[in-house]
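Q:
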Amino acid sequence: MKLKSLIIFLIIITSLNSCGYKKMNTESVKLFTLDNLYITGEKSLNFIIKNKLSLYTNSKSQSLLDIKINLLKKREVKEKKSNNQVNKYSISLNFSASVIEKNTGEKFNFNKTNISDFVREPTVINTKKNEDYKLKILAEQITEEFLDFLNTNLQ
Numbered sequence: 203m204k205l206k207s208l209i210i211f212l213i214i215i216t217s218l219n220s221c222g223y224k225k226m227n228t229e230s231v232k233l234f235t236l237d238n239l240y241i242t243g244e245k246s247l248n249f250i251i252k253n254k255l256s257l258y259t260n261s262k263s264q265s266l267l268d269i270k271i272n273l274l275k276k277r278e279v280k281e282k283k284s285n286n287q288v289n290k291y292s293i294s295l296n297f298s299a300s301v302i303e304k305n306t307g308e309k310f311n312f313n314k315t316n317i318s319d320f321v322r323e324p325t326v327i328n329t330k331k332n333e334d335y336k337l338k339i340l341a342e343q344i345t346e347e348f349l350d351f352l353n354t355n356l357q
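Under this note's numbering, think of the first position of the sequence shown as 203, with each following residue one higher.
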């Protein structure tokens, strides 16, 4: 009985020890060094994008990039109630980037627009919180797509 429980214990410990999370292709993602990063447009999102790009830079990389990003937010009424009161908004975030690889002189352009909806809340503050939350999610999604674009074009 002791031998059986010892074997089960060892199997459990071994299986738990081998569990772990490691992001795949981490080294291949860190392909560039940022020389200059200019972001214009939505100031509340600039910090999110800058930090996300900084996570994927490598100071020992051969690619030296000059990146210019322009963000444009657009909010429109999507749905109204019968009494002409707004019920739902649609928000879009346009991300336009111009990338220059300084060592080779290559130029890349990336344009992407993501759209999301959010519901109007009874208070203006909660509606603004919903809008800011949706914008943050859109900015993170577009930045991930931009990083994939860079990863594809710099190989």
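Think of the CB as a built atom: it goes at the ideal place given N, C-alpha and C, for glycine as much as any other residue.
(1) In angstroms, rounded to a whole number, what distance separates the CA positions of L340 and S294?
(2) Can you tell me whether DSSP reads S256 as helix, strand or coil?
(3) Please list the terminal residues of the continuous alpha helix (DSSP H) segment that includes E281.
(4) Could you spell out the range, first to last residue, of the beta strand (DSSP E) harbouring E315?
(5) Please classify I241: is it buried, with 16 or more other beta-carbons within 10 angstroms of its beta-carbon, or exposed?
(6) Report the three-state DSSP secondary structure of L352 (helix, strand or coil).
(7) So S298 is in the beta strand (DSSP E); what residue range does that whole segment cover?
A: Inspection of the coordinates gives the following:
(1) For the purposes of this step, residue 340 is taken as the residue at position 138 of the sequence shown. For the purposes of this step, residue 294 is taken as the residue at position 92 of the sequence shown. Whole-angstrom Cα-Cα distance: 8 Å.
(2) As a first step, residue 256 must be located in the sequence shown, where it is residue number 54. S256 falls in the helix class under three-state DSSP.
(3) Here residue 281 is taken as the residue at index 79 of the sequence shown, counted from 1. Segment S265 to K282 is the beta strand (DSSP E) holding E281; no alpha helix (DSSP H) there.
(4) On the sequence shown, position 113 is the one that residue 315 refers to. For the sequence presented, residue 315 should be read as Thr rather than Glu. Note, T315: beta strand (DSSP E), K309 to V321.
(5) The count along the sequence shown starts at 1 and reaches residue 241 at position 39. Classification of I241: buried, given that the 10 Å Cβ count is 16 or more.
(6) On the sequence shown, residue 352 is found 150 positions in, with the first residue counted as 1. It is helical.
(7) As a first step, residue 298 must be located in the sequence shown, where it is residue number 96. Counting along the chain, the beta strand (DSSP E) containing S298 begins and ends at V288 to E303.
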